[in-house]
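Participant: Residue numbering for the sequence shown follows the working numbering, starting at 58 and increasing by one per position. All residues carry an ideal CB built from backbone N, CA and C; glycine is no exception. This one's a predicted model, so the numbers in the text were calculated from it and none came from an experiment.
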Amino acid sequence: MAHFIPEPAFLPFHKLFLDGDKVETYGRLVSWEEDDAVADLMFTERQFSPGDGLKAFELQEKIYPFLIKCCELILHDFVTSGALLDGTISTGITPDPVVTPEPGPSAVTEILPSLATISVEAPYRLPANINFERLRDIFAARLSAAEDYLFDLREDPGFFADTIIDWSEHRNDALLDTYGNPHPTGPHTHDF
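1) Under three-state DSSP, which class holds Phe-189?
2) Pull the bridge partners of Leu-233 from the DSSP assignment, please.
3) For Lys-112, which option in Leu-75, Phe-135, Leu-207 has the closest C-alpha, if you only look at C-alpha atoms?
4) Which partner residues does Leu-86 have in the DSSP bridge list?
5) Report yes if the C-beta distance between Glu-178 and Pro-170 is below 9 Å; otherwise report no.
6) On the criterion of 16 or more Cβ atoms from any shown chain inside 10 Å, does Val-165 qualify as buried, or is it exposed?
7) Where does the unbroken alpha helix (DSSP H) through Val-80 begin, and where does it stop?
8) Checking the sheet assignment: what are the DSSP bridge partners for Phe-105?
9) Less than 8 Å between the CB atoms is what I'm expecting for His-71 and Pro-107, so what's the real figure, rounded?
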């Protein structure tokens with residue numbers, strides 16, 4: 058069941074700001090009389106009229122639970138430990154280390170990732186060594202298949218005829234336009 062929030066006519070000189078990362082700042086309603094810059098920010102698309110802001114809230118109410126569920130499915134390890142929602146629980150992910158001159162031995166052991174982190178990130182890392190021999194074999198096989206295809210086209214009249222028929226059946230210029238006439242970009246025109 059779809060419904061629509063009408064534009065309220067009783068708040069004509071107000072703007073609803075949807076920026077900010079705190080409950081106190083997100084979705085705050087500001088009057089043009091309170092803040093002179095609000096009217097100037099009308100075209101920055103960082104704020105809405107109250108009616109449009111309510112529509113945005115309604116959309117967010119539907120979309121955010123879906124996005125949160127996706128994040129929970131992707132980060133299922135953190136959901137079970139409670140670390141996804143509680144910032145005080147350690148996630149096991151260390152932030153990027155700050156390079157300091159001559160770190161002590163204790164600092165080096167804190168920067169090294171755990172085996173669990175390495176195994177989770179392994180599918181997304183570049184391979185350590187590229188196997189050029191395997192790549193060369195793949196390219197040689199593709200080249201050999203292309204050469205065989207061209208040789209068969211040249212030497213086998215039946216294969217050549219089947220290929221030409223297949224190509225002709227899959228051409229778009231045989232299609233008719235919306236009035237049933239030959240398409241204007243077909244081979245019968247000079248512009249083809």
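Facilitator: Working from what's here:
1) helix
2) Pro-239
3) Leu-75
4) Leu-73
5) yes
6) For Val-165, the pLDDT reaches just 49, beneath the cut-off of 50, and the residue's location in the model is therefore unreliable, although a value from the coordinates is still provided. Under this definition Val-165 is an exposed residue.
7) Counting along the chain, Val-80 falls outside any alpha helix (DSSP H), and DSSP gives it neither H nor E.
8) Leu-73
9) 6 Å
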